[in-house]
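**Student:** This structure is in structure tokens; I'll ask about it shortly.
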Amino acid sequence: MKKLINSPEKYVDEALAGMSLAHQGAYKISGSNGRVVERAKKKAGGKVGVVSGGGFGHLPLFAGYVGEGLLDACAVGHVFAGPSYDDISESLNAADRGGGVLSVIANYGGDTMVFGMVNDTLTAEGKDCATVIVADDVASADKDRAETRRGVAGIIFAFKVAGAAAERGLSLPEVKAVTEKAMAGCRSIGVALSACTVPQAGEPTFHLEGDAIEMGMGIHGEKGLWRGALKPADEIAAEMVERLLNDLKPVAGTEVAVLVNSLGATPLEELYILYRKVAQLLEAAGLKIAYSLAGEYATSMEMAGASVTVMQVDDELLGLLNAPAQCPLWRA
Amino acid sequence: MATVFTGTDVGAAMRRVALALVENKDRFNKLDAAGGDGDMGTTLATVSQALLADETLYPDDVGESVMRIAKTIARTSGSSLSAVVMTGLITLGKTWSAKHEVAWIEMAPALSNALETMQARSKARLGDKTVLDGIARVARDIEGISTTEKMRATAQQATADALAEFRGCPAIMGRLRLEPSKGVGTDDPGMVALHVAISAMAGSLSDRAVGGSNK
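Chains as they are written, first to last, in numbering that gives the first Met the number 0: chain A, 0 to 331; chain B, 0 to 214.
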């Protein structure tokens with residue numbers, strides 16, 4: 000294992016400490032375990048708090064998106080392992096400014112269960128809590144079991160929509176509804192070129208020998224759709240877009256938001272090569288790209304590869320995507 | 000012949016379980032790697048070490064002792080297995096709140112009740128080849144048992160029987176749900192952890208003593 004670390008056990012805590020120091024005035028690290036990231040500046044009273052949480056190792060996802068117009072607080076787990084009940088509970092309390100709290104989380108067993116427990120407890124105590132579970136990875140289950148799909152890079156759009164809606168003063172049910180509307184039309188798929196190594200394991204999470212790639216692999220190395228030889232970027236883009244559109248089935252003329260995301264090691268140049276073809280294919284399908292992002296948004300440390308996300312948008316969603324956001328790791 | 004257990008007994012059993020889970024860390028990681036993150040052993044060891052680090056005596060109040068274990072899990076882990084176990088412990092803790100003794104005969108219905116809450120939280124069905132199938136088998140087999148000695152042997156055998164029963168079944172939950180057939184012929188890591196935990200309580204793992212009451 001060749002990583003710039005001091006010890007695997009300190010990986011998360013030292014990275015969070017550095018993140019806070021590197022972006023002074025943006026992030027505040029709190030919580031009894033030091034695993035809550037909240038905005039350094041107090042939020043406006045009465046607004047809906049937007050919270051997320053998940054395993055570490057995906058920066059800028061999840062904690063990196065704490066900031067104005069995005070998240071209010073985030074619970075941070077160990078690498079690829081969800082945050083504890085206490086971390087989540089403290090995050091929700093940190094985000095609560097009197098308008099209720101919306102948890103926006105990816106569809107992984109531990110996260111959904113523990114967030115569910117915390118939400119149930121806080122609701123019983125009289126807090127207004129709601130949850131949106133993001134399940135956008137078309138490779139992880141067929142459409143008839145879409146609710147079991149993993150949550151991947153599409154959650155970036157969920158954060159942006161929920162955060163902007165909350166900032167505008169919408170109520171908790173309204174913020175939840177518009178975020179759910181966004182996610183109902185959001186699909187993602189990834190392709191992995193090489194593995195990453197979880198510091199505490201010290202070994203790559205999987206092996207892709209020689210020129211092998213895996214289409215549909217999850218951000219923790221979960222099994223994908225097929226494994227085979229590397230193909231030209233245009234062919235990979237074509238398959239990804241085809242799978243997304245076959246699932247989403249947008250009608251011609253629909254406006255879409257697009258995210259081409261690096262899984263960590265794939266450089267911006269390659270993302271742009273991929274984006275170029277994705278854009279051509281979407282336009283050829285009669286879709287209009289109204290909002291686009293390309294870069295590192297949801298990573299798996301040093302994993303090489305990329306994901307493509309397509310989300311249907313209307314005027315309301317587009318307005319929320321384009322609303323201001325202040326956060327060191329957010330790049331529009 | 001002992002027919003009841005106390006909160007102090009819960010603490011003693013917890014220590015034996017925690018030691019066994021730490022001891023089996025690498026084994027659990029390896030089992031979990033076949034269809035998951037490969038970190039189940041590390042997670043269980045982390046929680047266990049936190050439990051072992053608390054050296055204050057457990058109270059006689061059974062519910063309070065059980066809740067104390069749940070609170071440590073709440074502080075240290077966010078895994079799906081931890082969430083399921085925490086849910087069950089909270090249910091048991093409420094059931095046995097303010098009770099300084101619980102009769103073993105009450106264990107089966109309490110465990111069945113806890114199992115329902117664990118199913119509701121996890122959305123797992125019985126037969127999905129998860130730790131819940133092991134717990135269900137224990138709850139069924141210990142029904143009507145009222146003594147410590149019989150409880151030990153029956154519960155341990157139940158977890159072994161559950162492993163054997165489900166070894167040939169596909170895995171429906173977790174990451175193997177994407178390729179259920181890959182789970183055929185393998186043991187569910189959560190069910191193995193249950194077997195190790197109950198074996199530790201029963202005293203047949205290594206040279207450890209038994210859990211349960213000394214009364």
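Idealized CB from N, CA, C, for every residue including glycine.
Using the C-alpha atoms, what's the distance from A/Arg-34 back to A/Lys-40?
**Tutor:** Going by the C-alpha atoms only, they are around 18 Å apart.
**Student:** With a threshold of 7 Å between beta-carbons, can B/Ala-17 be considered close to chain A, or not?
**Tutor:** By this cut-off, B/Ala-17 is not an interface position.
**Student:** Starting from the Cα of A/Ala-152, find the closest Cα among A/Asp-135, A/Gln-325, A/Ile-288, A/Asp-71 and give me that residue.
**Tutor:** For the residues A/Asp-135, A/Gln-325, A/Ile-288, A/Asp-71, the minimum Cα distance to A/Ala-152 belongs to A/Asp-135.
**Student:** What residues in the stretch 84-116 of chain B bring their beta carbon closer than 9 Å to a beta carbon of chain A?
**Tutor:** Listed by position along the chain: Met-85, Thr-86, Ile-89.
**Student:** If the cut-off is 9 Å on Cβ atoms, which residues from the stretch 68-95 of chain A count as contacting chain B, listed in chain order?
**Tutor:** Those residues of the stretch 68-95 of chain A that come within reach of chain B (Cβ to Cβ, closer than 9 Å) are Ala-74, Gly-76, His-77, Val-78, Phe-79, Ala-80, Gly-81, Pro-82, Ser-83, Tyr-84, Asp-85, Asp-86, Ile-87, Ser-88.
**Student:** Nearest-angstrom Cα distance between A/Ala-165 and A/Ser-193?
**Tutor:** Distance between the alpha carbons of A/Ala-165 and A/Ser-193 is about 38 Å.
**Student:** When the Cα atoms are used, what is the spatial distance from B/Thr-153 to B/Gly-126?
**Tutor:** Straight-line Cα distance between these residues: approximately 21 Å.
**Student:** To the nearest angstrom, report how far apart B/Lys-98 and B/Thr-7 are at their CA atoms.
**Tutor:** Between B/Lys-98 and B/Thr-7, the C-alpha separation is close to 12 Å.
**Student:** Indicate whether at least one CB of chain B lies closer than 7 Å to the CB of A/Val-113.
**Tutor:** Yes, because at least one Cβ of chain B sits closer than 7 Å to the Cβ of A/Val-113.
**Student:** Leaving out five residues before and five after A/Gly-220 in sequence, what residues of the same chain have Cβ atoms less than 7 Å from its Cβ?
**Tutor:** Cβ neighbours of A/Gly-220 beyond the five flanking positions: Ala-194, Thr-204, Phe-205.
**Student:** Cutting at 8 Å between CB atoms, please list the residues of its own chain near A/Asp-85, excluding the five before and the five after it.
**Tutor:** Correct list, in chain order: Gly-30, Ser-31, Asn-32.
**Student:** Over what stretch of residues does the alpha helix (DSSP H) that includes B/Leu-162 continue unbroken?
**Tutor:** Taken as a continuous stretch (DSSP letters only), the alpha helix (DSSP H) holding B/Leu-162 covers 147-165.
**Student:** If the cut is a Cβ gap below 8 Å, which residues of chain B does A/Gln-325 touch?
**Tutor:** Neighbours of A/Gln-325 on chain B: none; closest Cβ ~29 Å, over 8 Å.
**Student:** Within 10 angstroms of the Cβ of A/Gly-44, are there 16 or more other Cβ atoms? Answer buried if so, exposed if not.
**Tutor:** When all chains shown are included, A/Gly-44 counts as exposed.
**Student:** Using C-beta distances below 6 Å, list every residue in its chain close to A/Ser-187, excluding the 5 sequence neighbours before and after it, in chain order.
**Tutor:** Same-chain partners within the cutoff: Asp-135, Asp-136, Val-151, Ala-152, Gly-153, Ser-306, Thr-308.
**Student:** In this structure, how does DSSP classify B/His-194 when only helix, strand and coil are distinguished?
**Tutor:** Note: B/His-194 maps to helix in three-state DSSP.
**Student:** Quick check on B/Ser-81: buried or exposed, where buried means 16 or more other Cβ atoms within 10 Å of its Cβ?
**Tutor:** That one is buried.
**Student:** Quick one: complete beta strand (DSSP E) runs, 3+ long, within the stretch 10-47 of chain A?
**Tutor:** The qualifying runs are 26-29, 35-38.
**Student:** Could you name the residues that DSSP lists as bridge partners for B/Trp-103?
**Tutor:** Bridge partners of B/Trp-103: none, in fact.
**Student:** Using the beta-carbon of each residue, which ones in chain A are nearer than 7 Å to B/Thr-41?
**Tutor:** Those within 7 Å of B/Thr-41 in chain A are Gln-199.
**Student:** For A/Glu-295, I'd like the list of residues in its chain whose CB is within less than 6 Å of its CB, leaving aside the five on either flank, ordered along the chain.
**Tutor:** Cβ within range, chain order: Ser-261.
**Student:** What does A/His-219 touch in chain B if you count any residue whose Cβ is under 8 Å from its own?
**Tutor:** Chain B residues near A/His-219: Asp-36.
**Student:** What number of angstroms, rounded off, separates the C-alpha of B/Leu-193 from the C-alpha of B/Cys-168?
**Tutor:** One C-alpha to the other measures close to 18 Å.
**Student:** Count Cβ pairs between the stretch 22-36 of chain B and the stretch 173-187 of chain A that sit closer than 8 Å; are there 3 or more?
**Tutor:** Counting Cβ pairs under 8 Å, fewer than three are found: no touch.
**Student:** For a cutoff of 7 Å on Cβ pairs, would you count A/Gly-215 as touching chain B?
**Tutor:** Closer than 7 Å: no.
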